[in-house]
């Protein structure tokens, strides 16, 4: 005995259903009175179907329909007929339903904002009524895309022999980098679990356990201040393989990248280019270059220094980009770019520019220091052509590259080159193993402390740390770091050495990671892996501007869920059971 | 350029590979010296392959192989040849590899226990070295089964139009039943997140949001004392649907049950029988009857009372089971059963038995109170036949049913009726909405506070609570409650009424669940759902005895992960940042 509330969804009726009697359920999206009839758009997850209430068919229902309100939940039964004025933008736009029976399943108060893609609600308000926000097609479709995305990931990984294994959420606090969220233990008073920042050590233990190929789509947690589109909980596609070299990992996951583009975007992408970290920094000033457009850096020391322009003469590096076709930028646009690079977040002291005129001559902002012939050398170096604009920064090499990288993105945005429907993927490889932190006066792992140095660089470890390269790699799409990974250390001595270089005492290393180093003594296979940020990748595919738009229930930038009002206070009795008390200093 | 460490796994070589040169990697499972050759079983996730080191082929390697130890990780290259003495129990048992090259990838200390299915390690020791324990084929296969299980669940749910949506892990503490794990918030000092005991309210909000069909395989958390086979974190298959009646849910998930049995066990199971809660209690003394065998209860008041046996005469209920073919139980076996029911956990005061002799006559333990004719009526009622054993308990109806239920399971175990390879599934339906707690002197929701009473019983709510039935259902397999669910309340007033009946003040209800009740005012569709315990279901399919055997990294019964040594102390500085301090009383 089927007892469904409905025979069809609001997205499936077509002309072929003409004259059928159907039952639909959904929300009232829109009500229009037209020529003495009431037209209602009925919405559910699957689409919208037009209902007709007409005195000609049913006087009483027609009267009743006049009192219906937006977002009310109704069930109707009626006959499918061909529409007089068709809406071919809608899959169901060729039919409508003459309503013969109506049940109000639930009433609705007037929503606090428009439930449409272009809404009038502030983000804070929409977060508070997230269950209404998700009714907007754009959010609904993002969540559906996310579902399809994880299905596609799982199907690909399964087809490649990977096993999804759940690792624990209640683990041990071993902060190295970001802050852990902790959970007081009631059964072990005075002690705490931590929520994982990643399942790194567990997946390595699974390799020691012989599981060979592991993956997991898994929640991770970081207690950071939530600037810049971060969330305290986020989701990773986490992977690890045994008996592999870096090349095997890159090929395996290049397969995943291609599969996802094919399945979800219908795009066959070419083999991923590879770029070393050094090349990326030298040519784009960043380890996550946006390759949807070229605009490579040109180093200009040779042609720019020694001509009396003291700004360049005193700079470690003079470096420029050639913005194709930007020669027609107005004074105002160039002033905007100058102000852009001078912002404190960027920190440049000024911007030099040179236009290539249609006759091939050059007009620069530093004409008084350079002869036309000298400027022609700039043009040559930059491979600039008539109509192009050369933009140049100078200063300390590291800093100026970062500044020019920001400028490159800004100019590209102005030129419309950061097209959301275009995708450029690449692998960045050969990362440095370590980076020096001037503030703490110590070395930090650039990837994480379990990353293996390149074999040929191991002898430099502890000797010339800056020169040690890692078997580490990042996947970059459209200038966004989507994920990365590394070949891991699988040798206890090398791991100890690494901890030593990172300034961990032997005791600390033992306390925090003793279990992993012990495991390495019982037959650890060579292994490598990677992890990708699911939220960010789905956001990219959805063309969304924030990861909050691809999560069902995100938190705001104070880490609050304003809908359920969490976090919140808890009962004293629970705190007593947990053996903790609140100790908040007045601020 | 493929650079794999290996050309094949240890599970895939067959006679067809004869004379091929292959490279394998793996762990040394076993070393045997035989007729001046060394035979090594090389193991990886995929199987075992026999390697031969022979002085006849390679003197040096033969010498080297003598120093290899168990669990050492090696890489070998060699030639596949047909084995002289084949082992047809092994898929690779027709071939072996003449080793021509050997690299030790990592050495191994002697493992603290035997890495075989029948191991000599205690559970505590194996938990400490879980990465070695998982090398045992039985655990490895359980994890692989779990992976296949979740893949099968996801593929089925996807095919039925369900969308997997991640709900947050950091939520609000709303304890109602078990204790929450909590997470102090650094950005909102003095406040706490809670880890979800289930995503119940979020999935209901997703229905209000119009997502129509939701599912999620999701970690849940409960801070309970870990008696029995519980874990602080466990995994649920969580589902919710809109515009459905109970019948629709049962049919949808009966489909899932059938799909899983078919895909994972190769079994076509029949339609699931349904049983009301009342029937289950009356016939089996439990709401999760094991139907692999019959042994239904027979109520015997009519024939047992009023014959001068005061134990029965004073009892509210005399009830028995007929154990088919147990008439030959020895005195000792019956004494054992008598002691079993007298255990404090069971709490019966005695056990009456009656054997049906081969001539049809009856020999009971209470012959002095009953005439043979009277005893024949017992036999008739119980449908007992020669060779059967009738076992009878008496007392307070509720208590005696529970006791007899335990006895029924024990007798079935002794008769070999609890066969792990046999499966009996059913739906138990029509649960009471509420149950009275004598200790707290209040009503508790039997399922949870969001469960809808049956329409026809709503008028009894607050009037005669005990008689209110719920639209709630449980899936029971082999006497284990695998999951359950209910039609939910989707009306604010009814939800308020429910909270009132549960003794929540309006203020408390508003504080804890205000967001849900508010959501109900903006067009909440009728909805229903269910959740299944993944760990328990996989355990059942794996034939395992504990959920710890189907989890990669379980905790012990003090909630500790003894491998990583969690929970543990954290730095004072972190506690200060979190605004908490430890306050442990001396015990």
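Chains as they are written, first to last, in this note's numbering: chain A, 193 to 779; chain B, 193 to 779.
Don't be surprised by glycine CBs; every beta carbon is placed ideally from N, CA and C.
As the structure is a prediction and not an experimental result, all values here were calculated from the model.
By how many angstroms is the C-alpha of residue 239 of chain A removed from the C-alpha of residue 204 of chain A? 8 Å
I want to check one thing, is the minimum distance from the CB of residue 219 of chain A to the heavy atoms of the ligand HEM below 6 Å? No copy of the ligand HEM appears in this structure; indeed no ligand is present at all.
Pull up the CB-CB distance for residue 370 of chain A and residue 392 of chain A, whole angstroms please, since I reckon it's below 8 Å. Not a contact, Cβ separation roughly 13 Å.
For the stretch 330-352 of chain A, which residues have a beta carbon sitting closer than 9 Å to at least one beta carbon of chain B? 331, 332, 335, 336, 338, 339, 340, 342, 343, 346, 347 and 350
List, in chain order, every chain A residue whose beta-carbon is nearer than 8 Å to that of residue 380 of chain B. 750, 751, 752 and 759
Residue 204 of chain B in three-state terms, based on DSSP: coil
Would you say residue 412 of chain B reaches chain A, if we count a Cβ-Cβ gap shorter than 7 Å as a contact? no
Using a C-beta cutoff of 7 Å, does residue 219 of chain A count as contacting chain B? yes
Three or more beta-carbon pairs under 8 Å between the stretch 612-622 of chain A and the stretch 486-502 of chain A, yes or no? no
When the distance is taken between beta carbons, is residue 323 of chain B closer than 7 Å to residue 701 of chain A? no
Residue 680 of chain B beta carbon less than 7 Å from that of residue 719 of chain B: yes
What is the residue span of the alpha helix (DSSP H) that residue 303 of chain B lies within? Note, residue 303 of chain B: premise wrong, no alpha helix (DSSP H); not H, not E.
Using 8 Å as the cut-off, can you tell me whether the stretch 559-575 of chain A makes contact with the stretch 588-595 of chain A, which would need three or more C-beta pairs spanning the two stretches below that distance? no
Contacts around residue 453 of chain B, its chain only, beta-carbon distance under 6 Å, and the 5 residues preceding and following it disregarded: 459 and 461
If you measure from the beta carbon of residue 714 of chain A to each beta carbon in chain B, is any gap under 7 Å? yes
Under 8 Å between beta-carbons, which chain B residues line up against residue 541 of chain A? List them in chain order, please. Going along chain B, no residue has its Cβ under 8 Å from residue 541 of chain A, so there is no contact; the nearest lies around 36 Å.
Where do the N-terminal and C-terminal ends of the beta strand (DSSP E) with residue 442 of chain B fall, by residue? Careful: residue 442 of chain B lies outside any beta strand (DSSP E), inside the alpha helix (DSSP H) at 438-452.
Contact set between the stretch 425-436 of chain B and chain A, restricted to residues whose Cβ is under 7 Å from the partner: 425, 427, 435 and 436
Residues of the stretch 222-234 of chain A in Cβ contact with chain B at a cutoff of 9 Å, in chain order, please. none
Straight-line CA distance for residue 297 of chain B to residue 236 of chain B? 14 Å
Just to confirm before moving on: does the CB-CB distance between residue 623 of chain B and residue 664 of chain B stay below 7 Å? yes
For the beta strand (DSSP E) that contains residue 665 of chain A, what are its first and last residues? 664-669
Could you work out which residue in B:241, B:402, B:282 and B:602 is closest to residue 150 of chain B when comparing CA atoms only? The structure shown has nothing for residue 150 of chain B, since chain B only spans 193 to 779.
Using a C-beta cutoff of 7 Å, does residue 298 of chain A count as contacting chain B? yes
Checking contacts by CB at 7 Å: is residue 406 of chain B closer than that to chain A? no
What's the call for residue 807 of chain B, buried or exposed, on a 16-neighbour Cβ count within 10 Å? Residue 807 of chain B lies beyond the stretch modelled for chain B, which goes from 193 to 779, so this question has no answer here.
Beta-carbon contacts of residue 327 of chain A that lie in its chain and below 6 Å, excluding the five residues immediately before and after: 307
Residue 605 of chain B burial status per 10 Å Cβ neighbour count (16 or more: buried): exposed
Tell me the DSSP secondary structure of residue 761 of chain B in three-state form. coil
Could you check how far apart the C-beta atoms of residue 730 of chain A and residue 341 of chain A are, in whole angstroms? I think they sit under 8 Å. 5 Å
What does a CB cutoff of less than 6 Å around residue 515 of chain B pick up in its chain, not counting 5 residues either side in sequence? 581 and 603
What span of residues does the alpha helix (DSSP H) with residue 315 of chain B cover, start to end? 315-320
Near-chain B residues of the stretch 696-730 of chain A (beta-carbon distance less than 7 Å), N- to C-terminal order: 707, 711, 713, 714, 715, 716, 717 and 718
Figure out for me which residue from B:647, B:438 and B:219 has the closest Cα to the Cα of residue 678 of chain B. B:438
CA-to-CA distance, residue 265 of chain B to residue 769 of chain A, given in whole angstroms: 47 Å
Within 10 Å of its beta-carbon, does residue 346 of chain B have 16 or more other beta-carbons around it, so buried, or fewer, so exposed? buried
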